[in-house]
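S.K.: If you read the sequence shown in numbering that gives the first Met the number 0, its first letter stands for residue 0, the second for the next number, and so on.
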Amino acid sequence: MNDAYEYSKNKWDKAHKNPEFKVGDLILVLTLNFDNIKFPKKLKDSFAGPLIIKALHGTNAVQVELSGELENKHPAFP
0 MNDAYEYSKN KWDKAHKNPE FKVGDLILVL TLNFDNIKFP KKLKDSFAGP LIIKALHGTN
60 AVQVELSGEL ENKHPAFP
């Protein structure tokens, strides 16, 4: 069992790359769970953006500038 764990861990570690964000970068935000966008689920875009990063929170969460329909959303995304 331990060998299988080590094999899986090594394989994942080899393929995984942590994202490196900087303030000012442009990103896309997944809109899968956004319910305030006024289109049917089939017609709405899968991603919103590009959005500008305003601040970094840790290594993986960012704060972005929101406008338009997304202004009512919380501006920090993991």
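Note that beta-carbon positions come from the ideal geometry of N, C-alpha and C, so glycine has one too.
Could you check what DSSP says for L53 in three-state terms: helix, strand or coil?
M.R.: Looking at the sequence itself, residue 53 is Lys, so the reference to Leu does not match. In this structure, K53 counts as strand in the three-state DSSP scheme.
S.K.: Below 7 Å CB to CB, which residues in the same chain sit around I51 once its five sequence neighbours on both sides are set aside?
M.R.: The residues are G23, L25, V63, E64.
S.K.: Using the beta-carbon count (16 or more within 10 Å), is T58 buried or exposed?
M.R.: T58 is exposed by the Cβ-count criterion.
S.K.: Please report the residue range of the beta strand (DSSP E) in which L101 lies.
M.R.: No answer is possible for residue 101: the residues shown for the chain start at 0 and end at 77.
S.K.: Which residue wins for smallest C-alpha separation from K21, given the options A75, A54, E68, F76?
M.R.: The shortest C-alpha separation from K21 is found at A54.
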